[in-house]
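Residue numbers (UniProt numbering): 1 to 181.
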């Protein structure tokens with residue numbers, strides 16, 4: 001397990017649609033462990049593989065003391081909505097109110113390829129939707145209304161990390177099947 005550098009807004013890998021996981025092996029389990037360790041170190045409520053430069057459909061979460069992961073997620077959302085603060089480890093220090101579904105039923109797989117269902121409301125539902133968005137190349141500010149998005153982009157331009165050179169990236173120890181940047 002190793003803490004990996006988190007990719008910051010503007011990195012092209014964050015805008016790619018991640019590829020489905022097809023091989024459930026030791027390398028995938030190492031990726032899940034690295035995601036979990038990096039998320040806890042940040043600290044964050046969730047972290048998707050593209051945020052560490054691996055374009056695969058994997059994310060981890062840590063909500064209300066529960067740590068988990070989901071691979072190749074498919075979501076069923078409630079019609080009821082919630083509106084509340086949301087942030088992102090790829091946009092450090094920035095938080096904006098974002099509408100999300102109040103509840104979610106997420107189906108996917110664990111690191112061994114076993115089917116998993118995660119059901120949640122409020123923060124867990126928000127986290128699962130947020131991390132699944134990352135797997136589709138969507139960043140939460142894309143979901144803000146026009147005025148909020150303008151304010152968010154202004155905050156990004158003014159952030160102390162804006163315009164920083166891309167992080168020094170080491171060769172991934174995980175097999176990315178040619179899908180990493």
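Virtual Cβ for every residue (Gly too), placed ideally from N, Cα, C.
{"Check": "Simplified DSSP assignment, three categories, for residue 109", "Outcome": "strand"}
{"Check": "C-alpha gap between residue 183 and residue 90, whole angstroms", "Outcome": "No statement about residue 183 is possible, as the shown extent of the chain runs from 1 to 181 and does not include it."}
{"Check": "Boundaries (first-last residue) of the alpha helix (DSSP H) holding residue 151", "Outcome": "146 to 158"}
{"Check": "Closest residue to residue 82 among 99, 92, 6 (Cα-Cα distance)", "Outcome": "99"}
{"Check": "Where residue 76 sits in the DSSP three-state scheme", "Outcome": "strand"}
{"Check": "Residue 112 burial status per 10 Å Cβ neighbour count (16 or more: buried)", "Outcome": "exposed"}
{"Check": "Touching by the beta-carbon criterion (3+ pairs, under 8 Å), the stretch 64 to 72 and the stretch 9 to 16", "Outcome": "no"}
{"Check": "Separation of residue 49 from residue 109, as counted between CA atoms", "Outcome": "15 Å"}
{"Check": "Cβ shell of residue 179 (< 6 Å), same chain only, five flanking positions each side left out", "Outcome": "No answer about residue 179 holds up, because its pLDDT of 49 lies below 50 and its placement is not dependable."}
{"Check": "Three-state class that DSSP yields for residue 116 in the structure shown", "Outcome": "strand"}
{"Check": "Three-state secondary structure (DSSP) of residue 162", "Outcome": "coil"}
{"Check": "Limits of the unbroken alpha helix (DSSP H) element including residue 54", "Outcome": "Taken as a continuous stretch (DSSP letters only), residue 54 belongs to no alpha helix (DSSP H), as it is neither H nor E."}
{"Check": "Three-state secondary structure (DSSP) of residue 23", "Outcome": "coil"}
{"Check": "Among 4, 2, 9, nearest to residue 140 - alpha-carbon criterion", "Outcome": "9"}
{"Check": "Host beta strand (DSSP E) of residue 101 (start-end)", "Outcome": "91 to 101"}
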